[in-house]
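Residue numbers (our numbering): 132 to 415.
Positions of the beta carbon are idealized from the N, C-alpha and C atoms, including for glycine.
Model, not experiment: these values are computed from the prediction.
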Amino acid sequence: MEGSKSSQKRGSSGTGLRGQVRRWKYRAQPDAGGYTVEHQHFWCETEDGVRIAGSRLGSNPDVALVLVHGFMAYRLKSKWRLLAQALAGHFTVFALDLRGHGGSGGACTGGNSEPMDVRAVISLARASGFTRVVTVGASLGGIAVLFEAARYRDPDAVVAISSPAGWVEHESKAVRRMTWVFTSSVGRALARRLMGTTIHTEWGNPEPPADVVGRIAPVPLLLIHGADDHFFPPADAELLLERAGEPKRLVILEPFGHAEDGFTPTFARRLVTEIQDMLAAVEA
132 MEGSKSSQKR GSSGTGLRGQ VRRWKYRAQP DAGGYTVEHQ HFWCETEDGV RIAGSRLGSN
192 PDVALVLVHG FMAYRLKSKW RLLAQALAGH FTVFALDLRG HGGSGGACTG GNSEPMDVRA
252 VISLARASGF TRVVTVGASL GGIAVLFEAA RYRDPDAVVA ISSPAGWVEH ESKAVRRMTW
312 VFTSSVGRAL ARRLMGTTIH TEWGNPEPPA DVVGRIAPVP LLLIHGADDH FFPPADAELL
372 LERAGEPKRL VILEPFGHAE DGFTPTFARR LVTEIQDMLA AVEA
């Protein structure tokens, strides 16, 4: 396994639903501020009419990264802001809020409709003159970039971080709690009130990621997963790798939790190198 140090900021202690709610309240605390590098905000519309909010950072004239956050996050959340700003030193970053999150309209569907959000921002990047576009998503964002590439083959490369292979195989407490949030009216209300996340009242029932990942090739695919992911084990990433076509690569990081839990300056530097290597291989 390949190593990368990470730290996880924790909120209030406690177990069960009350402890989870306290942790959500902690994570929902407003961040200290916005981006500290030059940036512009943008809006775009999906093919089903949802208005998507985003921010553009960086000045690379050739390569755009479409950066896609996870469930109950948003583009200005501290760890995502850290990653976006680090990547913007090497690429032009289009960071978006998925539907139902942050400044975007609509409601979260758990992966069914989110690929349209990604596609709308890819289209904006192409219209802005970028000849190479790489999608980078983690957790729900990872699902979104996998499905977008499988359906449309729009990007030049795809990076999926902490993405599950399926929906029903997991018995971890974290997955059970997220399932409750999606399927319970109380859970949806808490997500809206505490995290500002609007969840669709009907589960979209998308295909398992493992069943669609094979459709991405020949677009290059990089899978990144944490050895100590408390949502989905590394076996999920290994199954995605097995089902994917070439070119493909899997990096297991230790220690590294789930998605933004592992976002550090060290990880950002590693991600820059991995993306540059992917693009160089395509050009070779």
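Selected residue, minimal CA-CA separation from Ala184, among Ser235, Gly260, Gly393: For this step, residue 184 is matched to residue 53 along the sequence shown. By alpha-carbon distance to Ala184, the top candidate from Ser235, Gly260, Gly393 is Ser235.
Classification of Asp342 by the beta-carbon crowding that lies within 10 angstroms, buried from 16 upward: Mapped onto the sequence shown, residue 342 falls at position 211. Flag for Asp342 reads exposed.
For Val289 and Leu370, believed in contact at Cβ under 8 Å, the rounded distance: Locating residue 370 in the sequence shown gives position 239, where the first residue counts as 1. Locating residue 289 in the sequence shown gives position 158, where the first residue counts as 1. Contact flag wrong, Cβ pair sits at about 17 Å.
Inter-stretch contact (C-beta, 8 Å, three-pair minimum) for the segment 321 to 331 and the segment 249 to 269: Because the criterion of three Cβ pairs below 8 Å is not met, the segment 321 to 331 and the segment 249 to 269 do not touch.
Inter-stretch contact (C-beta, 8 Å, three-pair minimum) for the segment 198 to 208 and the segment 264 to 276: Enough Cβ pairs lie closer than 8 Å, so yes.
Phe222 vs Val403 beta-carbon contact at 9 Å: Within the sequence shown, residue 222 is the residue found at index 91, counting from 1. Within the sequence shown, residue 403 is the residue found at index 272, counting from 1. At the C-beta level, Phe222 and Val403 come within 9 Å of one another.
4 or more residues per run - each alpha helix (DSSP H) lying fully within the segment 218 to 276: Whole alpha helix (DSSP H) segments, 4+ residues: 245 to 258.
Closest by C-alpha distance to Thr262, when choosing among Ser315, Ser209, Asp248, Asp287: The residue you call residue 262 lines up with position 131 of the sequence shown. Taking only the C-alpha atoms, the option nearest Thr262 is Asp287.
8 Å CB neighbourhood of Pro396 in its chain, flanking five on each side removed: As a first step, residue 396 must be located in the sequence shown, where it is residue number 265. Cβ neighbours of Pro396 beyond the five flanking positions: Leu213, Ala217.
Closest residue to Val181 among Tyr166, Ala411, Glu245 (Cα-Cα distance): Translated into the one-based positions of the sequence shown, residue 181 becomes position 50. Cα-wise, what sits closest to Val181 is Glu245.
Assigned exposure category for Val224 - 16 Cβ within 10 Å defines buried: As a first step, residue 224 must be located in the sequence shown, where it is residue number 93. So Val224 ends up on the buried side.
Residue burial classification, Asp408 (beta-carbon count within 10 angstroms, cutoff 16): Looking up residue 408 in the sequence shown gives position 277. The residue is exposed, with fewer than 16 neighbouring Cβ atoms inside 10 Å.
For Arg380: DSSP bridge partner residues: Sequence index remark: in the sequence shown, residue 380 carries index 249 (1-based). According to DSSP, residue pairing for Arg380 in a beta bridge involves Leu353.
Cα-Cα separation, Thr177 to His232: For the purposes of this step, residue 177 is identified with residue 46 of the sequence shown, where counting begins at 1. For the purposes of this step, residue 232 is identified with residue 101 of the sequence shown, where counting begins at 1. Thr177 and His232: Cα-Cα distance of roughly 15 Å.
Buried or exposed (CB count within 10 angstroms, at least 16 for buried), Gly268: Stepping through the sequence shown from its first residue, residue 268 is reached at position 137. Gly268 should be labelled buried.
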